[in-house]
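Numbering (the numbering used here), first residue to last: 127 to 247.
Down below is the structure, laid out as structure tokens.
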């Protein structure tokens with residue numbers, strides 16, 4: 127059985143490599159070995175080595191476990207927190223004009239709007 131290899135755009139691959147490098151530096155600043163972090167994260171040392179290289183084939187859960195071991199898991203909450211484009215799109219939707227509510231007649235000839243009877247029209 128062949129496994130699929132994740133292919134990233136060069137800019138995205140670089141982002142993942144930067145993340146791996148940041149995790150490696152965080153581990154070294156804490157004076158932890160590959161073996162210590164891998165054991166605490168419940169992953170193989172070779173998987174941690176791939177994470178520190180920014181390998182896109184490693185499950186995001188493994189990345190999260192390493193973040194947790196290093197005390198950096200809350201940094202994950204910062205992702206997409208400042209969604210400037212999303213907010214602009216949402217605001218643009220709110221600024222669009224909505225169509226007017228049409229009046230409909232019931233069988234008795236009374237005008238209805240939102241379920242309320244209106245007399246004399």
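Every residue, glycine too, gets a C-beta built ideally from N, C-alpha and C.
Just mark residue 180 as buried or exposed, buried being the case when its beta carbon has 16 or more other beta carbons within 10 Å. buried
Give me the Cα-Cα distance between residue 155 and residue 207, rounded to the nearest whole angstrom. 27 Å
Going by Cα to Cα distance, which pick from 139, 140 and 160 is closest to residue 249? Summary: the structure shown does not reach residue 249, with the chain confined to residues 127 through 247, and so no result is reported for it.
Helix, strand or coil, according to DSSP, for residue 213 in the structure here? helix
Measure from the alpha carbon of residue 162 to the alpha carbon of each residue in 202, 209 and 196, then state which is nearest. 196
Within the continuous alpha helix (DSSP H) that includes residue 206, where are the two ends? Residue 206 -> no alpha helix (DSSP H), and no H or E assigned at all.
What does a CB cutoff of less than 7 Å around residue 131 pick up in its chain, not counting 5 residues either side in sequence? 183
Start and end residues, alpha helix (DSSP H) containing residue 199: First-last for residue 199: undefined, no H or E at that position.
C-alpha gap between residue 173 and residue 218, whole angstroms: 44 Å
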